[in-house]
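Engineer: Here's a structure for you.
Residue numbers (the numbering used here): 1 to 1088.
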């Protein structure tokens, strides 16, 4: 008998598949039973995980595993192994471990079937990464009970709590776009357009979208059924009424009155019992609350007694300490005063010594200064006498001085004239600079407006913004004109009309570049898309311009309906852009109206036959049915404008630039003249300085001898006075020393007395500080106790008051209960010991259980019963059977008609909430899907398809693809494309959905089966490039085989799965030991 194989999967991080084939030690076979799993590799734990990623998977007695632990990486995880080894078991463990439904896996509908055969229990444990601490979810499965026990971080919990924790991390194991098991791959690929729409709504749409769709289909089907049923029942009912018209009304009124009277009797009997029960429940609640509060009051009173005693003891101790502190303070004050007196006397002695020393120092400095001044004066007299001897005889220099004065006056006149010209030039320069600044500010204001538009483009479409920057630097590469994205080139004449343009032109075309040449567009796309990998849009303007094409009807004809302009007249744009928009969006044919247009919209649609039009806040699209030739219109609310609200007048900006150039030219001419004048002014300044210096030298030579004689006479007089002022320094020093010795003897005696007083004062301070510390401790303890006592007293007062209120309420409710019980028994005619009869109990169960409902129903029934008078019982007996049938049919028909009207109203409301979000969602999917196909050099589109807008069960998502450039786009069907092409299309559609559905990790099981090598390689490259980017979610890719020489990334983690009866136990798994053993075997083998 064959035994079940035991399996394991162990992560092994490999940079490429070649490395895997070269290194046999990377393959990790292991047989696991009950030992602890090996720790994850350090390389994986060091990589960054996103919030909610899977860090560890543990399986025990799960499917064919005894025990196994998997440690995936944070990015792309490739799980590889032969068919049947247990790859999909890991997928099942992830699904069930994260509270997924067993039926979703497509294997079994009971969780017990996932436990290994022969075992009574199984376990799955998932560890999820969280920045606040990893989340470990454990699910223990009991086969016998077919139940699960849940644990979070080893603590018992419920499945609901687990589901909430998983949902908080944005994990959806029931979402095919995040979690695609092997058994669901074929099912997803075979979906029809209608089924594909339903799957897409469930996968990525808002939770209410699929519900709205189902409601629409059900409402429509019910509407058809109700219309048929109402018609049949109406015909039959009319026949019955014709036969029994004379008796129908009397019989119906008789039975109706009897039913109302019976119901009134039971309601009046039940009402006092309901009122009694309400009061009794309130009494029980108040009684329990009163008992709890009473016990709380007792505990609070007992807790206050020891606290009061302790406060009194502490207060007595505090009073003793404060008395001792006051005594010490008095002693310290007396001793400090004595110290202060001695210290003042010592300071006065120090001051006397300092005054004597300063007086002596002053006399010494005066004598030294006198000797120095005498020496300096003698030297100066000698120098002046020598200079007087060598001085020249005074000559007649006046003619030379007069000549220099005349030259100096002439130079100053020329200088004043030059400075006047400089001032004029500078004034002219300042005027031009102010004008240039004003023009520059206006240009900057225009540039800021343009930058606002570019900032919006950069924030929303970064690739398009980067392409604009490249185009501005490389315009020389193009032969004809290339226009930047339409949203940058359009300038609204009035910002409030921007919403019409943005709602009319698709966002893809708003950010599209416009070319006049096909060759230029191919050069641009090759550089931007192929080389720079930027996602941009490009369009070609028509060869013949449509910019000035006249509308089919004059605007004057439409003004009577409130239209004031066509879309083309609301903005300015370059000719290629305007031509493209007229050709493809017919902006010269689409009028814009006001609120007046909306008020008469039905008349506008019937009389004008316009295909598209705008009112103040809505867009209307009018179509004609191919089958019934009926006019069908739809309207949508306008979205708020985002990009075109900023307007830039490019013509005015060009005029300002020309004006700035002219101002700069004038400034250059003025600055050149100013430089020449400044140079001339410097030359005159230099000549003026030279003449002044020559005149100064001549004047100095003329007065030098007279000055020397006066200086010599003055210095001799000063020298005589200084020699007469003599001081005896030795005598002054002897007198000062004698006085200082006498003062020092007195000072020494005072210092000894001061030292004794300081010691006494220090001792007293130490004693006082010790007492203050003791007192502080006692006061702190007392304050804490008093605070606790006050809090407890306050709590006690509040609790006692609460107890009194509850007790009064209890007594009041008890009395009320007795009164209500007595009245209830009187209503039912019961004695004091009798119980409520069974017929009353049975009738009471079908009646309302609240007083408000009973009173409302009583009022209604009494009003109805009062309407029936003058009935004959004989008529009822004769025609009861026939009347019952008529009554039943009438009631059924009424209900169905009301139901039919409700369905019609519901259809109108639900359709609006469902269709508009669905169109936006499909447009996003189409954008992602088309980009993926473009990267594979193919083409693909996704659109919302329906033949009749009212057949909601016929709506579907149509996928059209083209794998060869020579063919056209064809709808994806099981017959037109090959199996590999269908697999590629399905995979890319799922990737497009995944781009719109952010999640911590994704699982795809064997999606590459059936693809040819070329398409499989392309898809694999996309998966690697997408899943190995920075800050991307974790990705699990399960496959039994791979092509050779595929591109790999260092961020990938490769997990191998082996099975067999001889797998190594986990506690014996040691990669380093295997490598050492392999080396020993290699070294010890004999040479061949």
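Note that CB positions come from ideal geometry on N, CA and C, so glycine has one too.
1) What's the gap between the Cα of residue 882 and the Cα of residue 244?
2) So what's residue 571 in DSSP terms, helix, strand or just coil?
3) Ignore the nearest five residues each way along the sequence and tell me which others in residue 793's own chain have a CB closer than 8 Å to its CB.
4) Can the beta-carbon of residue 226 be found closer than 8 Å to that of residue 899?
5) Evaluate the contact criterion for the region 849–863 versus the region 268–279: three or more CB pairs, one atom per stretch, below 8 Å.
6) Does the structure place the region 565–572 close enough to the region 496–515 that three or more beta carbon pairs sit under 8 Å?
7) If you count every other CB in all the chains shown that lies within 10 Å of the CB of residue 453, and 16 or more means buried, which is it?
8) Where does the unbroken alpha helix (DSSP H) through residue 960 begin, and where does it stop?
9) From which residue to which residue does the beta strand (DSSP E) around residue 1005 run?
10) With a Cβ-Cβ cutoff of 8 Å, do residue 75 and residue 1044 count as a contact?
11) At which residue ranges does the region 132–192 contain complete alpha helix (DSSP H) runs of 4 or more residues, listed in the order of the chain?
12) Is residue 1068 buried or exposed, if buried means 16 or more other CB atoms sit within 10 Å of its CB?
13) From the DSSP output, which residues share a beta bridge with residue 1096?
14) As a quick exercise: from 125, 232 and 382, pick the residue whose alpha carbon is nearest that of residue 712.
15) Who pairs with residue 945 in a beta bridge, going by DSSP?
16) In the DSSP output, what is residue 538 paired with across the bridge?
17) For residue 463, which residues in the same chain have their Cβ closer than 7 Å to its Cβ, ignoring the five residues on either side in sequence?
18) DSSP has residue 940 in a bridge; who is on the other side?
19) Where do the N-terminal and C-terminal ends of the beta strand (DSSP E) with residue 76 fall, by residue?
20) Between residue 817 and residue 255, which are expected to be in contact by the criterion C-beta below 8 Å, what is the C-beta distance as a whole number of angstroms?
21) Give the list of continuous beta strand (DSSP E) stretches no shorter than 3 residues that lie fully inside the region 829–870.
22) Return the CA-CA distance between residue 715 and residue 721, expressed in angstroms with no decimal places.
23) Between which two residues does the beta strand (DSSP E) carrying residue 621 extend?
24) Does the region 76–87 come within contact of the region 132–149, defined as at least 3 CB pairs closer than 8 Å?
25) Decide if residue 948 is buried, meaning its Cβ has at least 16 other Cβ atoms within 10 Å, or exposed.
26) Return the chain-ordered list of same chain residues with a C-beta closer than 7 Å to the C-beta of residue 393, the five sequence neighbours on each side being excluded.
27) Since residue 1056 is in the beta strand (DSSP E), which residue starts that stretch and which ends it?
28) Tell me which same chain residues have a C-beta within less than 6 Å of the C-beta of residue 1020, skipping the five on either side of it?
29) So what's residue 802 in DSSP terms, helix, strand or just coil?
30) Where residue 320 and residue 349 are concerned, what is the direct C-alpha to C-alpha distance, given to the nearest angstrom?
31) Name the DSSP bridge partner or partners of residue 483?
32) Which residue wins for smallest C-alpha separation from residue 545, given the options 941, 584 and 538?
33) Count the C-beta pairs between the region 542–562 and the region 572–588 that are closer than 8 Å, then say yes if the count reaches three, no if not.
34) Leaving aside the five residues before and after residue 279 along the sequence, list all residues of the same chain whose C-beta is less than 8 Å from its C-beta, in chain order.
35) Please classify residue 1071 as buried or exposed, where buried requires at least 16 neighbouring CB atoms within 10 angstroms.
36) Would you kindly work out how many angstroms separate the C-alpha atoms of residue 28 and residue 1057, rounded to a whole number?
Structural biologist: Taking the coordinates as given:
1) 8 Å
2) strand
3) 304
4) yes
5) yes
6) yes
7) buried
8) Careful: residue 960 lies outside any alpha helix (DSSP H), inside the beta strand (DSSP E) at 956–962.
9) 1001–1005
10) no
11) 159–168 and 182–189
12) exposed
13) No answer is possible for residue 1096: it lies beyond the span of the chain, which begins at 1 and ends at 1088.
14) 382
15) 956
16) 513
17) 534, 535 and 536
18) 961
19) 76–80
20) Their Cβ separation, rounded to whole angstroms, is 40 Å, which puts residue 817 and residue 255 out of contact at 8 Å.
21) none
22) 10 Å
23) 618–624
24) no
25) exposed
26) With a pLDDT of 48 at residue 393, under the threshold of 50, the modelled position of that residue is not reliable, and the figure given next carries that caveat. The answer is none, since no qualifying residue turns up.
27) 1053–1060
28) 1046
29) helix
30) 45 Å
31) 514
32) 584
33) yes
34) 813, 816, 817 and 820
35) exposed
36) At residue 28 the pLDDT is 35, less than 50, meaning the model places this residue with poor confidence; the figure from the coordinates comes in the next sentence. Roughly 8 Å separates the two Cα atoms.
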